[in-house]
Structure formats: structure tokens, C-alpha cells
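*Asks:*
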Amino acid sequence: MSEQPNPEKILQTGLGFWASKTLLSAIEMGLFTELARGPESFDAIIGRLGLHTRSAQDFLDALVALGFLERSGDRYGNTHETDLFLDRRKPSYIGGILEMANHRLYPFWGHLTEALRTGQPQNEVKQGGAGLFETLYADPARLQEFLASMTGISHSANLAIAQAFPWKEYQTFVDVGTAQGDLAAQITQANSHMRGVGFDLPEVAPIFEEYVSALGLQDRLTFVPGDFFKQDLPKADVVLMGHILHDWDLPTKKMLIAKAFDVVPEGGALVVYEAIIDDDRSQNAFGLMMSLNMLIETPGGFDYTGADCSGWMKEAGFSETRVEPLVGPDSMVIGIK
Ligand SMILES: C[S@@+](CC[C@H](N)C(=O)[O-])C[C@H]1O[C@@H](n2cnc3c(N)ncnc32)[C@H](O)[C@@H]1O
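Each number in the numbering used here comes from the position in the sequence shown (counting from 1) with 1 added on.
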């Protein structure tokens, strides 16, 4: 007897933004950073966060029911995960992407239907004028928030790439569009023989240098300012591109892959990583929704499958390619020259 149809998953997904926004508001108010000092009483929390008494208990208990807080009597505390990943003072903090999502993506995604009908981005560039990065980078606070958010979304994959890729066969790398420099830092930290370069727009330099020197890696890791539309990439054995190709349309993706091919030696490699969509385009929901996020955020960006990327790499001249899963929805596509 086939199972009775059940509307639960439909309702859960349809109203999923309730849970998201409850968590995003807690991060926005710094609740988990506050509780990283230890569990606190209900009265202490509403005082510190400035919560109105009408729904404060519902809010905190919803976070308990969602598994983001623990409660004992009237004292609330972080769980192991929220204490490790959502305390702003810890290097393991991944909240940057969630702060940016709360501040920017949550309101922009409210216009997804319009974007699907017009094919037009729904973010700051909607009103015309400069591109995403120019708009964001004109404001130092948004620049810092955006670059930190990239570390948040990429940190786990960066740790995996630093371990999984055969770095012992190489000496140098360049991370194109390096943002705060977390991937470059993880590779350098895990592989003492490697020397690297972070390549990005000039405005990014001070934020990269602060991040790298805080980790004591400035002797083996340097920043090269530049614009990949206007100049060649720095030469290296390995070129890395994380969440770069998905920002752009197909001709630009191919231009960037060709630029990488030009600067690596025989036997050198291009490593592309993102939420690579499965070739059947039916499993990696996060990768497919990230592609919708590129609709919201960019004029022509889209995510793609491992087969797509391998084909573009072969077209550029890379002799062999392979796709390797990393963590969660992320994978890397490797092209060898
Ligand atoms: C979506 S972020 C990815 C950051 C990082 N690779 C990661 O995966 O977390 C895109 C990066 O590309 C950089 N970028 C954008 N346009 C660029 C250009 N024309 N030349 C060089 N870098 C650029 C941005 O500054 C930003 O750091």
C-alpha cells in the first residue's frame, strides 16, 4: 500500500524562512556571542539584547526547539555548535555569511519571482549604475562584511582543499579573487613548503593583509592587487578560483579559464571550487539555489555542473580533468595542463 501523501515537507520548506529569520535575528543581535561567556538567565538576556517582553520567551524557546540553544530552568546557553561557529570572537566563526544574508540577501530574495520573470538582478545594482563589487566596495563597512561573509561560506571547503589536493607536487599558487584570503591561508598553514599569492581588486588589500598577518603567514603569502578583466593573472604552479566563475556569464567564465591556462606551467593545475551542481541536476539543491542567488546578485552569473566545467577546461587546453567532492554541497574541478 503506497504511503499516504503528506504535506509536511511542502509546509516546512514554504515556511522555512520563519526558522531562518529567527536564527538570523539572533545572530544580528549577537545572542550567541553574548552566551559564549556562559549560560544566562532569561531576565539578563532580555536586558542585554533589549528584547521586548511580549515575545522574548517565544523567541528564545523557538531557538531551543530548533536546536540552537539549550535551556536549564530559566537559564539559556549555547549548544556546542552555536558556541563554536556563531561566537564572533572565535576564529571558527562562520556567521559572516549569515550576517550578510540577513542584511542583503533576505530582502533581495523577496523579489525572486520578478527576477525569474525579468532575468534581472534584484540587489543594489537593480537601480542601474555600477556592478556588485564596485557598489559594495565603495562602502568600507559593506566591503568588510562581504569579504568576511566569503570566509564564512568557504572556510570548510578551504580546510578540505588544503588537505586533499596533492600540494607536495607543487611549490607556488595564486588564489584568484582571494577576498579575506582564507583559502590561501589554509593552504599555506597546512603545507609548509608552499608559497602563495592572493590576487584581488586593490580595495581588498588591507583586509587580506590584516587576516594573513594575524595568522603569522605574511612571509610566505603576499597580496597582488589587480583586475582580471584588465590584466594577466600572476604566474604560479596552481591557480585557484573559488566562487569566481559562478559570478559571471559563459564568455567571462571561459576567458578566466583561458587566463589560468596561460599562467601555469606544463603539469600545472587549475582548481575551481563551488557548490558544483551534480551532472544530473537533480541532487545538489544548494548548488541549484546558489545559481538562483547568482540571478539575484549578478547580471549574468550562474552555477554549473562538473561536466560543464570539465568541458570548458578541456576547450581551454587542459589535458585531463577530474571532479572531487569536498564538504557539504561543495566540490572542486581540477584541470591539469
Ligand atoms: C564571491 S567572492 C569569492 C571569494 C573567495 N574566492 C571565496 O570563495 O570565498 C568573489 C571575489 O572576486 C573578486 N573580484 C571581483 N571582480 C574582480 C576583478 N575584476 N578582478 C579581481 N578580483 C575580482 C572580489 O573582490 C571577491 O573577492
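We treat Cβ as the ideally placed atom computed from N, Cα and C, and that holds for glycine.
As an exercise, report each continuous beta strand (DSSP E) stretch of at least 3 residues that is fully enclosed by the region 205-260, in chain order.
*Replies:* List check, beta strand (DSSP E) in window: 222-226, 239-243.
*Asks:* Okay, do the region 227-235 and the region 284-296 touch, 3+ Cβ pairs below 8 Å being the bar?
*Replies:* The region 227-235, when compared against the region 284-296, does not touch it at the 8 Å Cβ threshold.
*Asks:* Could you work out which residue in V328, L251, F287, D263 is closest to C310 when comparing CA atoms only?
*Replies:* It is L251 whose Cα lies nearest to the Cα of C310.
*Asks:* Drop a sphere of 10 angstroms on the beta-carbon of F209, count the other beta-carbons inside from all chains shown, and report buried for 16 or more, exposed for fewer.
*Replies:* With 16 or more Cβ atoms within 10 Å of its Cβ, F209 is classed as buried.
*Asks:* With distances taken between CB atoms, is the gap from D238 to A270 smaller than 9 Å?
*Replies:* For D238 and A270, yes; Cβs fall inside 9 Å.
*Asks:* According to DSSP, is M314 part of a helix, a strand, or is it coil?
*Replies:* Helix.
*Asks:* Does the Cβ-Cβ distance between I337 and L113 come in under 9 Å?
*Replies:* No, they are not a contact pair.
*Asks:* Answer with buried or exposed for E125, where buried requires no fewer than 16 other C-beta atoms within 10 angstroms of its C-beta.
*Replies:* Buried.
*Asks:* If I'm right that E100 touches E146 with Cβ under 8 Å, what's the distance once you round it to whole angstroms?
*Replies:* The Cβ separation is near 6 Å, so the contact holds.
*Asks:* What number of angstroms, rounded off, separates the C-alpha of E267 from the C-alpha of L64?
*Replies:* In a straight line, the C-alpha of E267 is about 53 Å away from that of L64.
*Asks:* Out of V272, G301, V273, Y305, state which residue places its alpha-carbon closest to the alpha-carbon of A286.
*Replies:* Looking at the Cα atoms, Y305 is the closest of the given residues.
*Asks:* By DSSP, does M333 sit in helix, in strand, or in coil?
*Replies:* M333 falls in the strand class under three-state DSSP.
*Asks:* For ligand 1, any of its heavy atoms closer than 8 Å to the Cβ of H104?
*Replies:* Because no heavy atom of ligand 1 lies under 8 Å away, the Cβ of H104 does not count as near it: no.
*Asks:* Does the beta-carbon of G288, which I'm using as the reference point, lie nearer than 8 Å to any heavy atom of ligand 1?
*Replies:* No, ligand 1 has no heavy atom inside 8 Å of this Cβ.
*Asks:* Under a three-way DSSP split, which group does N272 fall into?
*Replies:* Rather than Asn, the amino acid found at residue 272 in this sequence is Val. Note: V272 maps to strand in three-state DSSP.
*Asks:* Relative to the C-alpha of E316, which candidate in L52, R49, I258, E82 has its C-alpha closest?
*Replies:* The shortest C-alpha separation from E316 is found at I258.
*Asks:* Could you tell me the boundaries of the alpha helix (DSSP H) in which R323 lies?
*Replies:* Taken as a continuous stretch (DSSP letters only), R323 belongs to no alpha helix (DSSP H), being part of the beta strand (DSSP E) at 321-326.
*Asks:* When we look at the beta-carbon of T34 and count the other beta-carbons within 10 Å, is it buried (16 or more) or exposed?
*Replies:* It is buried - the Cβ of T34 has at least 16 other Cβ atoms within 10 Å.
*Asks:* State the CB to CB distance for the pair L50 and L32, rounded to an integer number of angstroms; the pair is presumed to be in contact (CB under 8 Å).
*Replies:* The Cβ separation is near 6 Å, so the contact holds.
*Asks:* Which residue's Cα is closest to the Cα of L202: S157, A180, E9, A165?
*Replies:* It is A180 whose Cα lies nearest to the Cα of L202.
*Asks:* What residue does the beta strand (DSSP E) around D201 start on, and which one ends it?
*Replies:* Where D201 is concerned, the enclosing beta strand (DSSP E) stretches over 196-201.
*Asks:* Return no unless some Cβ of chain B is closer than 9 Å to the Cβ of L24.
*Replies:* Protein chains in the displayed structure number just one, and chain B is not present.
*Asks:* Run the proximity test for V177: is its beta-carbon closer than 8 Å to any non-hydrogen atom belonging to ligand 1?
*Replies:* Flag set: Cβ of V177 near ligand 1.
*Asks:* Can you confirm whether the region 117-124 touches the region 39-59 when touching is taken to mean that 3 or more C-beta pairs between the two stretches lie within less than 8 Å?
*Replies:* Verdict: no, contact absent.
*Asks:* Less than 8 Å between the CB of M333 and some heavy atom of ligand 1, yes or no?
*Replies:* Checking every heavy atom of ligand 1 against the Cβ of M333, none is found closer than 8 Å.
*Asks:* Just reading off the alpha helix (DSSP H) that L72 is part of, what are its end residues?
*Replies:* A quick correction: the sequence has Arg, not Leu, at residue 72. Here R72 belongs to no alpha helix (DSSP H); instead the beta strand (DSSP E) covers 70-73.
*Asks:* What is the C-beta distance between R72 and S42, in whole angstroms, given that I count them as a contact (C-beta under 8 Å)?
*Replies:* The Cβ separation is near 11 Å, so there is no contact.
*Asks:* Quick check on the burial criterion: 16 or more other C-beta atoms within 10 angstroms. Buried or exposed for G199?
*Replies:* With 16 or more other Cβ atoms within 10 Å, it is buried.
*Asks:* I'd like the span of the alpha helix (DSSP H) that includes T189, first residue to last.
*Replies:* Note, T189: alpha helix (DSSP H), 183-191.
*Asks:* Note down, in chain order, each residue of its chain lying with its Cβ closer than 6 Å to the Cβ of H244, except the 5 sequence neighbours on either side.
*Replies:* Answer for H244: E275, listed in chain order.
*Asks:* Under the three-state reduction of DSSP, which class applies to S26: helix, strand or coil?
*Replies:* Helix.
*Asks:* If you measure between the beta carbons of L218 and T189, is that distance less than 9 Å?
*Replies:* Result yes, Cβ atoms of L218 and T189 sit closer than 9 Å.
*Asks:* Please list the segments of the alpha helix (DSSP H) lying wholly inside the region 53-122, counting only runs of 4 or more residues, in order along the chain.
*Replies:* If we require 4 residues or more, the alpha helix (DSSP H) runs fully inside the region 53-122 come out as 57-66, 81-86, 96-101, 107-110, 113-119.
*Asks:* Say the cut is 8 Å; is the CB of L184 nearer than that to a heavy atom of ligand 1?
*Replies:* Yes, Cβ of L184 sits closer than 8 Å to a heavy atom of ligand 1.
*Asks:* Under three-state DSSP, which class holds P173?
*Replies:* Correcting the residue type first, residue 173 is Thr in the shown sequence and not Pro. In the structure shown, T173 sits in a strand (DSSP, three-state: E or B).
*Asks:* Select from A308, V265, T253 the residue whose C-alpha is nearest the C-alpha of I278.
*Replies:* Ranking the options by Cα distance to I278, first place goes to A308.
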